[in-house]
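In this note's numbering, the protein residues as written are 470 to 656.
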């Protein structure tokens, strides 16, 4: 297991995965890492839905792609129009990170949980990529997604914040430059 700074510096968003499923043991460790995240007032306002059913992942991917194509944001609709674009990147495992609706903090708390999951996965040699485009399923442009959302078993009172892809990397993208001048020291 790498030390924490090595994991933070080495983790990348992986968008190309090997055709190999991650084990239940690894999946449970990733989910446990998410549950150990800090949260406002220790409310733990998350619910994780782990999907390894390839047919359901494909259905979710296609629904996200269709909704993206109807989005009025030019960047989002252009991404959807790219040939062979798959918003879930053919990942063998997808975890939906859901948070309590009508909460001021669940979105932030779920992001902390997601980062814990990404770092835990990296430590096991598993790549990940957070997919914000999944939120297109909630837009007015997406049409009625109630049947799909029911299949995903998102609990009453929760809303998906992210779809998070996991699998063994089939690429090693280089680190992107960081602007370390975006820090102000006082005192």
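Beta carbons are placed, not taken as given, at the ideal position from N, Cα and C, and that holds for glycine.
{"query": "Whole angstroms is fine: what's the gap from residue 559's alpha carbon to residue 532's?", "result": "14 Å"}
{"query": "Using C-beta distances below 8 Å, list every residue in its chain close to residue 622, excluding the 5 sequence neighbours before and after it, in chain order.", "result": "518"}
{"query": "Measuring only the C-alpha atoms, how far is residue 514 from residue 645?", "result": "32 Å"}
{"query": "Return the residue from the list 547, 516, 619, 562 that minimises the CA-CA distance to residue 522.", "result": "562"}
{"query": "Just to confirm the assignment, what range does the beta strand (DSSP E) spanning residue 565 have?", "result": "562-569"}
{"query": "Using a Cβ-Cβ cutoff of less than 6 Å, which residues in the same chain neighbour residue 502 once the five nearest sequence positions on both sides are dropped?", "result": "585, 586, 589"}
{"query": "Does the beta-carbon distance from residue 593 to residue 583 come in below 8 Å?", "result": "no"}
{"query": "Assuming the contact rule is C-beta atoms closer than 8 Å, residue 480 and residue 570 should be a hit. Round their C-beta distance to whole Å, please.", "result": "At roughly 29 Å, the Cβ-Cβ gap does not stay under 8 Å, so residue 480 and residue 570 are not in contact."}
{"query": "Would you mind working out which of 654, 476, 485, 500 sits nearest residue 638, comparing C-alpha positions?", "result": "485"}
{"query": "In whole angstroms, what is the alpha-carbon distance linking residue 477 and residue 607?", "result": "31 Å"}
{"query": "Residue 556: buried (16+ other C-beta within 10 angstroms of its C-beta) or exposed?", "result": "buried"}
{"query": "By the DSSP assignment, the beta strand (DSSP E) with residue 636 in it spans what residues?", "result": "627-636"}
{"query": "What is the residue span of the alpha helix (DSSP H) that residue 499 lies within?", "result": "493-504"}
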